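Okay, so here's the structure we're looking at.
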Amino acid sequence: MTGERSFRGAEGGLIDRERPLSFTFDGREMTGYAGDTLASALLANGVRLVGRSFKYHRPRGIFAAGSNEPNALVELGTGARRTPNIPATMAELREGLAAASQNRWPSLTFDLMAVNDLLAPFMPAGFYYKTFMWPRALWERLYEPQIRKAAGLGRPAMAPDPDRYERGTLHCDILVVGGGPAGLSAALAAGRTGARVVLCDEDFRLGGRLLADDVRLDGRPGHAWAESVAGELAGLDNVRLMRRTTVFGYYDHNTLGAVEKVADYREDRAADVPRERLWHIEAHRVVLATGANERPIAFTNNDLPGVMLGSAARAYVNRFAVRPGARAVIFANNDDIGATADALSNGGVEVAEVVDGREGWLVKRALGRRGLRGVELSDGKRIACDLLCVSGGWDPAVHLSSQTGVKPVWDADSFCLVPGEPRQAEVSAGACAGRFTTENALRDGAEAGRAAAAACGFDDKAPDQPAVEEPAAGNLQPIWTVPGKAKRIFLDFQHDVSLADIKLATREGYTSVEHLKRYTTLGMATDQGKVGNVVGLAMLAEERGVPIAEVGTTTFRPPYTPTTLGAFAGYNRQQHFQPVRRTPLHDWAERRGAIYVEAGPWLRSRAFLQPGEDLFAASIREAKATRDGVGLCDVSTLGKIDIQGPDAVELLNRVYCNGWKRLPVGKARYGLMLREDGIVFDDGTTSRLGERHYLMTTTTTHAGPVMAHLEYCHQVLWPELDVQMVSVTDQWAGLAIAGPYARKVLEKVLPDEDLSNEGFPFLAAREMELQGIPARLFRISFSGELGFELNVPADYGPAVADLLMRAGAEYNIVPYGLEALDIMRIEKGHVTGAELHGRTTAADVGLGRMMSTKKDYIGRRMVERPGIAAPERPSLVGLVPADGTSPLHGGAHLLPRGVPTTAENDEGYITSPAYSPELGHWIALGLLKNGPDRIGETVRMVDLVRGADIPVKVVSPIFVDPEGKRLYA
Amino acid sequence: MRIPCPLCGERALEEFTYLGDATVKRPAAEETDPKAWYDFVYLRDNPRGPHRELWHHLHGCRAWLEVERDTLTHEVFDSRLARERGTEAK
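This is the structure in structure tokens:
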């Protein structure tokens, strides 16, 4: 029987005993206090066995007290909020927290997969590359699924994430990363000058090691000093303190990424509180005060629950008033021995023995099965204990400085990696620079803060340094491992990488540090080797017989600690993945039963469903009604670019492949734009509204790229052209009015304009007034009917559409959607994005004659290449089913008759199929090898996806009104 | 990464789009040698170190910039309006 009382000290600790919290672990009810982490609360409840290891399913306990924890990974939360692989040491306790152990079956204490541990001799590094080679077919069907089942971490939630995530940008003079003595000291020095300071710390309480060690500053406990400094900083308007915020990435030009936990520690999760915030931080100067991670000494069975870092044991005793064991042995190679022994004694833990490795006395082996029961020393002596505190020295947290591209360097005096020369405006202060004492941290921090503020132009006045009393530290003699059973000497706990694996890798020639990492997976787990990497490097150096400095390190990359994908996704989920653009007529269309389709960034009306109608029926009805009477279509999404200046026509002449010099004022022209490689880029009409004033239209999807292209042409290629351009897409609503009665309808709303065929012929373009508002009218047609496009200021769009509907009522006017428009343009053989898909030339789509031979234009020279001009390229044809009834399929392939259905015999494909109400059967546009020469021939439409192989007849791509009688009417 | 725009000041990478090598020049209209055009359209060096590149301040002032940047360290040495190319750096 263990309970909260047995392992919690009666007093002390930075916990709020007035606020008990209940939580569960694997369903068991437990209690802790506000101020606890899940790890400290579990230890207070006597829980030692917390998880199972990745590969061998060995029992594992709590090893550390911070973000370096390799073992105690848990699933937090339930259902859609279940989050796997959270170190218990980083989970802030809250009321009702549900935690579960992971990677065990059927239970944590009785894990059948622990048989893997017995099989360990057969599972050395890279065993899966070697063992499961034969028979090959079994890899996918048997071996891989089984390995995946046996190995692994927690289970992700299987339902959509119900939480919100926010994103923000911070600009500051000085970013301080880390809220320990160095960071607080830096923030204070900089903050007092008035500089804008941001301080981030991953913990929920500021102070770092001041919270965990028995340090006195100006006679006060370290945590009290930290609290008063935090209080002063909180009172400064120019300082922002961000707790629970992990700076995970250091990018170019002092851009850093951070994630702030917002909702996870709260009991009341209001709907407007995001779970996390992703911060993009731009800082003039960065002070890295990220501290250091303690490293262990590795020995046989060093992964047993009960073996713990000395610094972690001190944190549990001092900060959380928790006894991590009852009877302890201390094993160390440096002066931290004293601090650990004092902390344990003061906290009520019996110190059975102190094993000072520097005297040649070592812990050889940990004893016990599911938890530590004792240790065997190098002299054969055995000591009973349930806690072994191990201290092998400190590894500066050089991750962020190394992410800037600076390789850390081996400091042969302190036996650790320290940051290299900074390449960005940053400095490392205190323990992360290899200067480990509290006094160094305070002094370093103050100087770094002062210097950073001075560099940003603020007065520098270094704050007075507090007088420091701290336990002795340092005097390290390197001891990395204790000889023993190499397969049970673990270096990377989370990935079960043992000393034997390092030896094997070196024997097999994986002696480069990068190869070693990938072959053994050393440092590749979610903790990225914060505990074991340096010991691993030391062992590699030993195996190779070279100094550690020569081994080097692997590349440090973001993130520093695992980061949720939700934080990166932020708002951009599902329908919010990208902004939705709605046309001025969106609501107008909705009231008339419109259903929408995504077209580039836009939602366009697809069809206007009447009761009982489906999409097919509605689009057929709309197309028919337009061809027989008149229809109205929202074309506001077409890109519109206003181009003005004396050289406007010259620019048009160079970006379009056809000529523009002779276009008179008041006329529109169809233009085709190529890319420089000769492929069609975009098409549309451009109208000359004035002497030096043109309005270009683009396709909906290419509006943005065409604008950027024009800017490129003007600013980069031909800056000498005197021309200006601006996008006016959003300023104008566009309405297409098409059908035999189109003119009659327009004449009713524009009674003062001469819209007769003589007064406003095909391709006329004119600015006018419509009931007092500016309007632009163009006689252009995509449907092939007598057609006009009317532009009015965007806000007037719905009112003008209503006006047209009223005027057209006597002609049975209908609104028509994109689907009906598509049917009509296919009937007319007009190409669109389906044909101009980035692989076709002007000749391919039957527009070869548009390309001028008299001028330079973008793409001119590349279309002259023999291959791209070859007649056997697939080019535009019309297709009809030979039986007159079968439907045609988009994407289906075209093959000759009487040949095997193989890719070699493929001659083209269908780009745009439609049911033609005009002809009463299916028609399609397609691209066919030597297409124009094969009119009249019968080929096969082969659709292996939907299953069809039918004869289709090659015809002209213009199915309706080939003479254009309707168009020019 | 931060890119200085001569019109807007230093701005975050996200505001820009990248085109690439700014040292290639479009051949004169009269040039008929296919090789010259092929070089211009397709061939780009990929230098390690200082490089002149075209960036478009798409989500800003929409100016095309010629930026001199170290492709290894991402250090930016110079940034000017593309339309003022050939003039001396400010």
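Protein chains in written order, with this note's numbering: chain A, 7 to 975; chain B, 1427 to 1516.
Ideal Cβ positions, reconstructed from N, Cα and C, are used throughout, including at glycine.
All of these numbers come straight from a predicted model, not from anything done at the bench.
Item: Whole-Å CB distance - Ser881 (chain A) paired with Ala849 (chain A), under 8 angstroms assumed; Value: 7 angstroms
Item: Boundaries of the alpha helix (DSSP H) in which Leu49 (chain A) is found, first to last residue; Value: Leu44 to Ala50
Item: Reference Arg198 (chain A), options A:Pro227, A:Ala236 and A:Asp169, closest by Cα; Value: A:Ala236
Item: Backbone CA spacing between Pro585 (chain A) and Trp608 (chain A) [nearest angstrom]; Value: 9 angstroms
Item: Length of the line joining the Cα atoms of Glu81 (chain A) and Phe254 (chain A); Value: 21 angstroms
Item: Status (buried if at least 16 other CB within 10 Å, exposed otherwise) for Gln500 (chain A); Value: buried
Item: Paired residues, beta bridge with Ile929 (chain A) - DSSP; Value: A:Ala920
Item: Exposure of Asp1459 (chain B), with buried meaning 16 or more beta-carbon neighbours within 10 Å; Value: exposed
Item: Three-state class that DSSP yields for Glu969 (chain A) in the structure shown; Value: coil
Item: Val722 (chain A) at chain B interface by Cβ criterion, 7 angstroms; Value: yes
Item: Proximity of Ser234 (chain A) and Leu448 (chain A) at Cβ, strictly below 7 angstroms; Value: no
Item: CB-CB length for Met868 (chain A) against Leu678 (chain A), believed under 8 angstroms; Value: Their Cβ separation, rounded to whole angstroms, is 15 angstroms, which puts Met868 (chain A) and Leu678 (chain A) out of contact at 8 angstroms.
Item: Helix, strand or coil at Pro804 (chain A) [DSSP, three-state]; Value: helix
Item: C-beta atoms of Thr1443 (chain B) and Arg1478 (chain B) nearer than 7 angstroms; Value: no
Item: Residue-level contact to chain B via CB, Met7 (chain A), 7 angstroms cutoff; Value: Because the pLDDT of Met7 (chain A) is 37, which lies under 50, any placement of that residue in the model is unreliable, and the number read from its coordinates should be weighed accordingly. False, the Cβ-Cβ gap to chain B never drops below 7 angstroms.
Item: Cα-Cα separation, Pro968 (chain A) to Leu853 (chain A); Value: 16 angstroms
Item: Within-7 angstroms CB hit, Glu266 (chain A) to chain B; Value: no
Item: C-beta neighbour in chain B for His177 (chain A), strict 7 angstroms; Value: no
Item: Host alpha helix (DSSP H) of Asp450 (chain A) (start-end); Value: Thr444 to Ala461
Item: Any C-beta of chain A under 7 angstroms from that of Lys1516 (chain B); Value: Low per-residue confidence applies at Lys1516 (chain B): pLDDT is 36, beneath 50, and the placement is therefore not dependable enough to give any value.
Item: Option nearest Lys1024 (chain A) by Cα separation, candidates A:Thr705, A:Val686, A:Asp634 and A:Ser107; Value: The shown model of chain A, from 7 to 975, leaves out residue 1024 (chain A), and the question about it has no answer.
Item: Three-state secondary structure (DSSP) of Lys370 (chain A); Value: strand
Item: Exposure label - Gly386 (chain A); buried when at least 16 CB within 10 Å; Value: exposed
Item: Same chain only: Cβ atoms within 6 angstroms of Ala321 (chain A), ignoring 5 sequence neighbours per side; Value: Ala71 and Ala218
Item: Cutoff 7 angstroms: His1477 (chain B) Cβ touching any chain A Cβ; Value: no
Item: At least three beta-carbon pairs within less than 8 angstroms, the stretch 478 to 493 of chain A to the stretch 327 to 342 of chain A; Value: yes
Item: Three CB pairs or more closer than 8 angstroms across the stretch 58 to 70 of chain A and the stretch 300 to 318 of chain A; Value: yes
Item: Closer than 7 angstroms to chain A by CB, His1483 (chain B); Value: no
Item: Beta-carbon separation (whole angstroms), Gly599 (chain A) vs Gln616 (chain A), contact threshold 8 angstroms; Value: 6 angstroms
Item: Cβ contact check for the stretch 648 to 667 of chain A and the stretch 743 to 758 of chain A: 3 or more pairs under 8 angstroms; Value: no
Item: Boundaries (first-last residue) of the beta strand (DSSP E) holding Gln650 (chain A); Value: Gly645 to Gln650
Item: Span of the alpha helix (DSSP H) around Ala575 (chain A); Value: Leu571 to Ala575
Item: Straight-line gap, Ile92 (chain A) to Val503 (chain A) (C-alpha atoms, nearest Å); Value: 20 angstroms
Item: Proximal chain B residues relative to Ala714 (chain A), where beta-carbon distance stays under 7 angstroms; Value: His1482 and Leu1484
Item: Which listed residue (B:Phe1503, B:Gly1446 and B:Arg1509) has its alpha carbon closest to that of Arg1428 (chain B); Value: B:Phe1503
Item: CA nearest to the CA of Leu223 (chain A), picked from A:Met811, A:Met731, A:Glu35 and A:Val474; Value: A:Val474
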